[in-house]
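Undergrad: This is the structure I have questions about; it appears just below.
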Amino acid sequence: MAASNGKKRNSTTATATGATPGQKRRVVFRLEAPEAQSVALAGSFNDWNPTATPLKRDAQGVWRTQISLAPGRYEYRYVVDGEWRDDPRATETSPNEFGGRNCVVMV
């Protein structure tokens, strides 16, 4: 989707739902990136494997995946067309060993 200034805009969210305390919860990761050819999710939950958790694109260019995670703190980043990207909507980040920041989701 194009922003009002004519630049392409990416929009992301990570949302945890369901389950009682101590049980795994479904976490939905969502990225609006209609221009992307491929999007994957890498994080502490999949040993930072950039191909282990691909997202699926819908007709509007929104990419999604859903994973089950036990309660806890997880760091993640998106891999868009082979490039590591932050989640600009993440409310918490943590410094990483490469001089950048990882996004954080609490489950």
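Quick note on this note's numbering: the sequence shown kicks off at 10 and runs consecutively. Beta carbons are placed, not taken as given, at the ideal position from N, Cα and C, and that holds for glycine.
(1) For Asn-105, count neighbouring C-beta atoms within 10 Å of its own C-beta (all shown protein chains included) and say buried if the count is 16 or more, exposed if not.
(2) Within 10 angstroms of the Cβ of Arg-98, are there 16 or more other Cβ atoms? Answer buried if so, exposed if not.
(3) CA-CA distance, Ala-42 and Arg-110?
(4) Taking all protein chains shown into account, decide if Arg-9 is buried (16 or more other Cβ within 10 angstroms of its Cβ) or exposed.
(5) Taking the alpha-carbon positions, what's the Trp-93 to Ala-68 distance?
(6) Given this structure, state the Cα-to-Cα distance separating Ala-45 from Gln-32, to the nearest angstrom.
(7) Between Arg-66, Thr-74, Tyr-83 and Gly-108, which has its C-alpha nearest Trp-57's C-alpha?
(8) Using a Cβ-Cβ cutoff of less than 7 Å, which residues in the same chain neighbour Gly-81 once the five nearest sequence positions on both sides are dropped?
TA: If we stick to the structure as given:
(1) Exposed, since its Cβ has fewer than 16 Cβ neighbours within 10 Å.
(2) Taking all protein chains in view, the Cβ of Arg-98 is surrounded by fewer than 16 other Cβ atoms within 10 Å, so the residue is classified as exposed.
(3) Whole-angstrom Cα-Cα distance: 20 Å.
(4) Absent from the model: residue 9. The displayed extent of the chain is 10 to 116, so no value can be given.
(5) C-alpha separation (whole angstroms): 23 Å.
(6) About 34 Å.
(7) Measuring from the Cα of Trp-57, the nearest candidate turns out to be Tyr-83.
(8) Around Gly-81: Val-116.
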